[in-house]
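Heads up, the thing below is written out as structure tokens.
Protein chains: 2
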Amino acid sequence: MGRPKQFDPEAAVEQAMQVFWRQGYAATTPQDLVDALGIGKGSLYHAFGSKHALFERALRRYRDSQALAVIELLGGDGPVKDRLRAALLMLVEMDLADPDRRGCMAVNTAAELAGADEVAAELVRRMFDRTEEALRALVEEGRRSGEISTERDARAVGSMLLSTAVGLRLLARVADGPERLSLVVEATVDSL
Amino acid sequence: MGRPKQFDPEAAVEQAMQVFWRQGYAATTPQDLVDALGIGKGSLYHAFGSKHALFERALRRYRDSQALAVIELLGGDGPVKDRLRAALLMLVEMDLADPDRRGCMAVNTAAELAGADEVAAELVRRMFDRTEEALRALVEEGRRSGEISTERDARAVGSMLLSTAVGLRLLARVADGPERLSLVVEATVDSL
DNA sequence: CCAGTTCTTGAGCTACAGGTACAAAATGCG
DNA sequence: CGCATTTTGTACCTGTAGCTCAAGAACTGG
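Protein chains in written order, with the working numbering: chain A, 1 to 192; chain B, 1001 to 1192.
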């Protein structure tokens, strides 16, 4: 029924995600989006309704593609500390390899919109919650296997690891080299 | 020597800092600034030149007033761990007590502008460097007094603490309560 | 092949961002 | 007091943000 779409909406959201990720919400103009998606302005608004709605879809896409990837990495096998180190190092490498140094979109969104956009804030909150949950599960696994001390509360350690990881990704935005970030990873793993 | 200014430039920069801190750079309009500073648009541009120049001054003011306060807290006396805990808890309390939940302006600026504004990025980088340096000095003091293990590199631990503190302040932007953040502080201090 | 539906494009719209121009007003100086 | 100098308020300017709409193109069912 009706004329078929001439573009793939998912691909368009993907492109929008890349732009929002690089520039943030406020600094991204409809023209930026039109250029990146390769469709007319009318199509954009017809398909997505508003800049904000498109941002929301982009952020959900980020969650489903990027944020989950890290969590899955934590759930692999092998020594717990090795998994944690591998996951953190992957973040560092990804962040530094990105020519635009965009860091983590959830982190950037928290910093930019937490106070003004409750929908975005809630999405980010949940992403953080999921990540923290995965970290806590990893810690508990390590406690069971004897790799991690049982002295400290697993929940507290999980929260601390989330905090460190979030800080790591923010520092990656201004870091002038990999040394410091790698040190953070080592010190963090060693602290368990 | 000409007509004297009818407003205090430093007080104006202070107000501008509050606005930028709350809303970020891109989301702040000249009108917002005019309203907050209580001066005419002509005076604003005559005195500060551009929105960006005013932002830069606001960020420097943030560094000199806010960022240095934390560093000074670390340099007090008493047990090292107590000082660290007190400093981190103060951050948490301040961040949660703020009705606008603005978090740390340096962190927010890093997230918003690191990729697009080298001047701002450099300012933030230096703030982070100074904080990290203070944390490292604290760790070294703790090592000398026997409060902190000498197994791990002091520089690495200092970087890790910076990362955790930065993460903490970002999480404060979306946190729904104090529990989790307090857990992070305890786990961090206990990890030393 | 026509009716009804959905999509596309680009022009156009209102409001405001970000800044400039300028003349009036307020000073110190000789 | 006249003068140069600086500040102030307001009007004004250009460009663009963010969105809407009209006109038509591409489809489907009957």
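Backbone N, C-alpha and C fix where the C-beta goes; we use that ideal spot for every residue, glycine too. These figures come from a predicted structure and were not determined experimentally.
- Boundaries of the alpha helix (DSSP H) around Gly1167(B): Ala1154 to Val1174.
- The beta carbon of Tyr25(A) is closer than 7 angstroms to those of Phe55, Glu112 and Leu113 in its chain, skipping five residues each way along the sequence.
- Each of Lys1081(B), Leu1059(B), Lys1051(B) and Asp1032(B) was checked against the Cα of Arg1143(B), and the nearest Cα belongs to Lys1081(B).
- For Gln1018(B), the enclosing alpha helix (DSSP H) covers residues Pro1009 to Gln1023.
- Nearest to Val1013(B) by C-alpha distance, out of Tyr1062(B), Arg1003(B) and Ala1086(B), is Tyr1062(B).
- Under the 10 Å beta carbon count, Gln31(A) is surrounded by fewer than 16 other beta carbons and is classified as exposed.
- Among the residues of the segment 50-82 of chain A, none has a Cβ less than 8 angstroms away from any Cβ of chain B.
- Runs of the alpha helix (DSSP H) lying entirely within the segment 1071-1107 of chain B, each at least 4 residues long, are 1080-1097 in chain order.
- From the listed residues Pro1009(B), Thr1164(B), Leu1192(B) and Arg1173(B), the smallest Cα separation to Leu1088(B) is found for Thr1164(B).
- Within the same chain, Ala47 come within 8 angstroms of Lys5(A) by CB-CB distance, once the 5 residues on both sides are set aside.
- Of the candidates Leu73(A), Ala110(A), Arg152(A) and Glu141(A), the residue whose Cα lies closest to the Cα of Trp21(A) is Ala110(A).
- Counting along the chain, no alpha helix (DSSP H) covers Arg1003(B), and no H or E run does either.
- The beta carbon of Leu170(A) sits closer than 9 angstroms to some beta carbon of chain B.
- Within chain B, the residues whose beta carbon sits less than 8 angstroms from that of Gly167(A) are Leu1162, Ser1163, Thr1164, Ala1165, Val1166, Gly1167, Leu1168 and Leu1170, listed in sequence order.
- Under the 9 angstroms criterion on CB atoms, Arg1143(B) is classed as non-interfacial with respect to chain A.
- In the three-state scheme derived from DSSP, where H, G and I count as helix and E and B as strand, Leu1192(B) is classed as coil.
- Close CB contacts of Glu1147(B) within its chain, under the 7 angstroms cut and outside five residues either way in sequence, are with Pro1079, Val1080 and Lys1081 (chain order).
- Between the beta-carbon of Val1092(B) and that of Leu1168(B) there is about 7 angstroms, and that keeps the pair under the 8 angstroms contact cut.
- Ala116(A) carries a coil assignment under DSSP once its states are collapsed to helix, strand and coil.
- Taking the beta carbon of Asp190(A) as reference, the chain B residues within 7 angstroms of it are Arg1152, listed in sequence order.
- Buried is the label assigned to Gly158(A), since at least 16 other Cβ atoms lie within 10 Å of its Cβ.
- Measuring C-alpha to C-alpha distances from Val1034(B) to each of Leu1074(B), Leu1059(B) and Gln1015(B) identifies Gln1015(B) as the nearest.
- Taking the Cα positions, Ala1067(B) is about 18 angstroms away from Ala1011(B).
- Pro30(A) sits in a helix when the DSSP states are folded into three classes.
- In terms of Cα proximity to Val189(A), the closest of Lys51(A), Val139(A), Arg126(A) and Leu73(A) is Val139(A).
- Gln23(A) and Leu1161(B) have their C-alpha atoms some 28 angstroms from each other.
- For the C-beta of Asp1100(B), the chain A residues within less than 8 angstroms are, from N- to C-terminus, Gly115.
- The three-state reading of DSSP puts Gly42(A) in helix, counting H, G and I together.
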